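In what follows, a structure is listed as structure tokens, so that the remarks can point back to it.
Numbering (mature numbering (1 follows the signal peptide of the UniProt record, and there is no 0)), first residue to last: -20 to -1, 1 to 454.
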């Protein structure tokens, strides 16, 4: 036997012997080390809960820019509460300086008040504790990570810029920076700077430093986030989640009082970090001007820009991770339900237009004449709705709600004479107050609000299952 064969045989025997003595090796799934820089706004909170819930994320730290919407003390306290809900109370939290690197821009006061609170999320009592300086925390976290870190920044970039400027050698410790900010080929969302987006508008100097740092950047601007609006359908789907993080996300977002103009800005950046296939990316050269606007220029920094998003893929991934890896099934509408709800949607829209036309015809009349016109128009409209639909067979899943809808419309139609007779006797300068008082006096059991309530229930049923809206949502 040759020497080489003897050596090979010896090594093989040694390896087999070692395997018998040692426990079998189990390959551990790779995780992505992540630092999240965020503020406690509704959209930022969704990003935090997503990253804290993803088993593929090694969440090293959460930092808040003091230039974000939340103040440091309530922001860090609330962040610790959220991390505890998500099962990650071990993650360190810090907050940075509260002034931009240049200028004095700030968020509207009402936005800051909202970001300092956690409405609708029940939390355990946590002591405030000292606010850790994010500018000291970030370098330490990056140095100790032992492998390149992904930084997800969904607020003003003050903390990241300060760290890179003070410690340029740490650029090599960052794999990439995922930034929610900017508006590249679309309009911005800042009234005072129509081409800018808020995060970069607050601290444009910080944005310039980060984009010019040489660290790879994935920018998730309004171009992509415009593809993921947040509306009633999204809220209803969140309401099915069962994990503590999923329930907290639903509770927080259910505090939303409007949907027009609401998007899942920061949630998309978080999902794109872990699932890049949810966005379409193009390489651009960008500069940031004094307003924080992102401008395409040949001398700009090379940046990967998410120019579009896949809303279905994003929605599925976001909810799946929040719910611990699986989603509760949502049974689709039957063909009978879809046909019925489509007809109901058309009928309700015609009824609304008819009632509105009757009311607007007396726009210059006095309050009592307007109130009478609205009541008569509404009665005629519901009569038309009944003529459109009452002859149709109601699908079993809709029977209960439709029974209550018809009971309400029947009561309103039967009370028309009494309602109109009561109008002149009600004092008031506001037509809607007069109408409300008249219904309370005559038919407290069947009001316009009751009509809207049961219609909203039907709309929720439809939207959750991918059916038509009934004209109630924006």
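Cβ atoms here follow ideal geometry from the backbone N, Cα and C, with glycine treated the same way.
The structure presented is a predicted model; accordingly, all values stated were derived computationally and were not measured.
Residue 19 places its beta carbon less than 8 Å from that of residue 135. In the three-state reduction of the DSSP assignment, residue 354 falls in the helix class. Beyond the five residues adjoining it in sequence on each side, residue 351 comes within less than 6 Å, by CB distance, of 403, 411, 414 and 415 in the same chain, given in chain order. Classified as buried, residue 258 has 16 or more neighbouring CB atoms from the shown chains inside 10 Å of its CB. Considering only 283, 396 and 205, the residue with the shortest C-alpha distance to residue 423 is 396. Cβ neighbours of residue 431 within its own chain (closer than 8 Å, five residues either side excluded): 362, 385, 388, 389 and 392. Within the same chain, Cβ atoms closer than 8 Å to the Cβ of residue 437 are found at 381, the five residues on either side in sequence being excluded. DSSP places residue 117 in the helix class (H, G or I) of the three-state scheme.
Its chain contains 232 as the residues whose beta carbon lies nearer than 6 Å to that of residue 25, once the 5 sequence neighbours on both sides are disregarded; these appear in chain order. Residue pairing by DSSP places residue 278 in no beta bridge whatsoever. Look at residue 154 here: in three-state DSSP terms it is strand. With a minimum length of 3 residues, the unbroken runs of beta strand (DSSP E) contained wholly in the segment 194 to 255 fall at 197 to 200.
Annotation for residue 329: the continuous alpha helix (DSSP H) segment containing it runs 315 to 340. Ranked by how close their Cα comes to the Cα of residue 73, the residues 36, 33 and 121 have 121 in first place. Under DSSP, residue 38 shares a beta bridge with 13. For residue 300, no pairing in a beta bridge is given by DSSP. Distance between residue 253 and residue 375, taken at the CA atoms: about 43 Å. Taking C-beta atoms under 8 Å as the contact rule, residue 56 and residue 75 qualify, at a distance of about 5 Å. If you check the CB distance, residue 276 and residue 263 do not come in under 8 Å. Note on the segment 66 to 129: whole alpha helix (DSSP H) runs with a minimum of 4 residues are 89 to 95 and 114 to 124, in chain order. Here residue 61 is buried. Its C-beta has 16 or more other C-beta atoms within 10 Å. Here the segment 146 to 159 makes no contact with the segment 22 to 38; the two share fewer than three CB pairs at distances below 8 Å. Inter-residue distance for residue 123 and residue 377 is about 58 Å (C-alpha atoms, whole angstroms).
In the DSSP annotation of this structure, the continuous segment of the beta strand (DSSP E) that includes residue 263 starts and ends at 259 to 268.
Residue state for residue 31 is assigned as helix, using DSSP reduced to three classes. According to the DSSP assignment, residue 441 belongs to the alpha helix (DSSP H) that extends over 428 to 444.
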